[in-house]
Amino acid sequence: MKTGLLLVISGPSGVGKGTVCRALLEKDPSIYLSVSVTTRPPRVGEKDGQDYFFVSEERFLEMVARGELLEWARVYSFYYGTPKAPVFEALAAGRDVLLEIDVQGGFKVRENYKDCVLIFLLPPSWEELEARLVRRGTEDAQARQFRLNWAKQELSLYHRYDYAVVNERVEDTVAAIEAIRVAERCRSHRQQFPWLKTLLEG
Ligand SMILES: Nc1ncnc2c1ncn2[C@@H]1O[C@H](COP(=O)(O)OP(=O)(O)OP(=O)(O)O)[C@@H](O)[C@H]1O
Ligand SMILES: Nc1nc2c(ncn2[C@@H]2O[C@H](COP(=O)(O)O)[C@@H](O)[C@H]2O)c(=O)[nH]1
Numbered sequence: 001m002k003t004g005l006l007l008v009i010s011g012p013s014g015v016g017k018g019t020v021c022r023a024l025l026e027k028d029p030s031i032y033l034s035v036s037v038t039t040r041p042p043r044v045g046e047k048d049g050q051d052y053f054f055v056s057e058e059r060f061l062e063m064v065a066r067g068e069l070l071e072w073a074r075v076y077s078f079y080y081g082t083p084k085a086p087v088f089e090a091l092a093a094g095r096d097v098l099l100e101i102d103v104q105g106g107f108k109v110r111e112n113y114k115d116c117v118l119i120f121l122l123p124p125s126w127e128e129l130e131a132r133l134v135r136r137g138t139e140d141a142q143a144r145q146f147r148l149n150w151a152k153q154e155l156s157l158y159h160r161y162d163y164a165v166v167n168e169r170v171e172d173t174v175a176a177i178e179a180i181r182v183a184e185r186c187r188s189h190r191q192q193f194p195w196l197k198t199l200l201e202g
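In this text, residue positions in the sequence shown follow full-length UniProt numbering: the first is 1, and each later residue adds one.
Put into structure tokens, the structure is as follows:
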């Protein structure tokens, strides 16, 4: 069985990573969306084990020490990390895996798993990014400003990702990521043709 693709989705807070990942999953339930571990407190409506595994700082650092995380980073004021085992189980089962993580995490995944695909989501404009964060209404003005300052740093790194997709309309972004999946599966290093091997070696 072919190994699945490890797809990393990054981009500034509020660009729509979560929205796009959910839409991708709705279209293709075979995708495995990794559930991160975080020390951030849950937002209203967030469920443990579904949106995140919400853990104490002590538990998080224990997971780091035990090598249970594929990558981890401090984002804003909290720790976030990707549990390793479920990601590799899903890949081995031939499922494509989505990681919705920040850029520091994306670079760490590239170090640990070279064959990953890094996809950066950009907003159509800076004003639209601000408006999306305001509309979402999950942060107060101070926390929002903090995220926007961080967003500038993240946006400056988009060119180090394999793909840059502007999230104008969710449907178009989903279509672009589906096209990337198709293209990545066609890359020569991911393909084997037994009949051709026989022909050339025979
Ligand atoms: N293409 C889009 N057009 C308009 N609004 C969008 C689009 N994509 C997402 N949104 C809206 O923007 C807000 C932020 O989206 P979302 O929470 O998915 O962002 P995020 O990148 O996952 O943020 P964070 O990194 O903070 O978790 C939400 O209110 C969402 O409904
Ligand atoms: N490096 C990692 N970053 C992660 C992970 N899970 C989420 N994130 C990123 O954190 C911020 C904030 O998320 P929020 O839910 O508090 O709004 C966002 O950029 C996420 O992509 C992870 O496992 N590793």
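Glycine included, each C-beta is placed from N, C-alpha and C at the ideal position.
Only a predicted model underlies this, so the values are computations on that prediction, with no experimental measurement involved.
With a beta-carbon spacing of about 6 Å, LEU91 and LEU6 fall inside the 8 Å limit used to define contacts. For THR82, the shortest separation between its Cβ and any heavy atom of ligand 2 lies below 7 Å.
Taking non-hydrogen atoms of ligand 2 into account, the C-beta of ILE119 is found less than 7 Å away from none of them. For ALA85, the distance from the CB to the nearest heavy atom of ligand 2 is not below 7 Å. Taking C-beta atoms under 8 Å as the contact rule, PRO124 and GLU168 qualify, at a distance of about 5 Å. By a beta-carbon distance limit of 8 Å, VAL8 contacts ILE119. Their separation comes to about 7 Å. Secondary structure within the stretch 14-46: the alpha helix (DSSP H) runs of 4 or more consecutive residues, fully enclosed, are 17-27 (chain order).
With fewer than three CB-CB distances shorter than 8 Å, the stretch 93-110 does not count as touching the stretch 38-48. For ILE31, same chain residues with a beta-carbon under 8 Å away, outside a window of 5 residues either side, are LEU24, LEU25, ARG95, ASP96, VAL97 and LEU98 in chain order. Bounds of any alpha helix (DSSP H) do not take in GLU139, whose DSSP letter is neither H nor E.
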